[in-house]
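As structure tokens, the structure follows; a few thoughts come after it.
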Amino acid sequence: NASLSLTYLAMDCPELTTVDLSGWQGNSLRRMTAAFENDGNLTTIKGIEDFNVSNVWDLSDAFQGTGLTNVDLHKWDVRNVHFFTQMLKDTKKLQTINLSGWKLYDLTPWHYPTRNFSFDNLKTMLEGTGATSIDTSNWDFGNNNADVHGLFSSLTNLTTVDVSGWNSPEITNMADLFAYDPKLATI
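With the working numbering as the guide, the letters of the sequence shown map in order to residues 142 to 328.
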């Protein structure tokens with residue numbers, strides 16, 4: 142069974158506005174690294190909410206710099222994903238993000254390989270988004286010691302974050318979790 146990679150699939154395609162993934166079977170998909178990176182006019186990815194990422198281990202830079210306005214990935218099974226580094230970075234037009242219900246069981250330490258677990262690869266996932274609302278309710282960290290420092294920091298348009306129902310046996314660091322969010326009104 143061959144594994145599939147969408148790495149750099151449509152990276153740096155400035156005229157791309159719409160991608161249709163409806164009906165794609167992602168069963169053997171392993172990497173989506175920079176699949177749509179720097180596609181600033183890409184506003185629609187049809188079928189992305191139902192895309193099968195259950196075997197994907199790398200989502201780094203997948204949507205970085207796109208023109209997406211709403212991202213609803215709450216149906217995604219991300220339990221095998223190791224890397225989310227800069228996944229939605231610099232998505233300036235993005236308004237709402239729904240990542241609720243994610244099971245984050247297999248995150249790999251990124252900046253601090255001597256630690257048992259690090260969220261640094263998630264910390265940069267949202268960096269520079271224009272999002273006003275982010276839903277991460279019911280995130281399940283399994284038995285990991287979660288370091289969530291800075292996860293939502295420096296998001297200057299952010300007004301609402303839902304972190305209700307997070308399941309973690311031990312969150313070890315929440316420093317700067319919501320720091321430098323001048324418009325944040327509801328957590």
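Every residue gets a Cβ at the ideal spot worked out from N, C-alpha and C, and that includes glycine.
The structure presented is a predicted model; accordingly, all values stated were derived computationally and were not measured.
Just to confirm the assignment, what range does the beta strand (DSSP E) spanning residue i have?
i, result
"Ser274", "Ser274 to Asp276"
"Val304", "Where Val304 is concerned, there is no enclosing beta strand (DSSP E), given that its DSSP letter is neither H nor E."
"Val160", "Thr159 to Asp161"
"Arg220", "That residue, Arg220, is in no beta strand (DSSP E); it is neither H nor E in DSSP."
Identify which residue in the options has its Cα closest to the Cα of residue i.
i, options, result
"Ala316", "Gly208, His290 and Val219", "His290"
"Trp165", "Leu318, Leu147 and Leu296", "Leu147"
"Asp288", "Thr232, Thr159, Met152 and Glu311", "Glu311"
"Lys216", "Ser278, Leu183 and Glu178", "Ser278"
"Trp243", "Leu183, Phe192 and Phe282", "Phe282"
"Phe225", "Ile189, Val197 and Thr210", "Val197"
"Gly269", "Val222, Ile275, Lys230 and Leu240", "Lys230"
"Ser195", "Leu267, Tyr246, Gly167 and Thr301", "Gly167"
Count the other CB atoms within 10 Å of the CB of residue i; is the residue buried (16 or more) or exposed (fewer)?
i, result
"Thr320", "Looking at the sequence shown, residue 320 is not Thr but Ala. By the neighbour-count rule (16 or more Cβ atoms within 10 Å), Ala320 is not buried but exposed."
"Ile328", "exposed"
"Asn285", "buried"
"Asp161", "exposed"
"Ala272", "buried"
"Thr265", "buried"
CA-CA distance, residue i and residue j?
i, j, result
"Asn308", "Asp153", "37 Å"
"Gly181", "Ala203", "13 Å"
"His252", "Arg172", "Caution is warranted here: a pLDDT of 48 is assigned to His252, below 50, making its placement in the model unreliable, and no coordinate value can be reported."
"Phe293", "Ser163", "31 Å"
"Ala175", "Gln227", "9 Å"
"Asn298", "Ser169", "37 Å"
"Leu183", "Thr237", "16 Å"
"Thr232", "Glu178", "10 Å"
What does DSSP give as the partner residue(s) for residue i in the beta ladder?
i, result
"Ala287", "Ile312"
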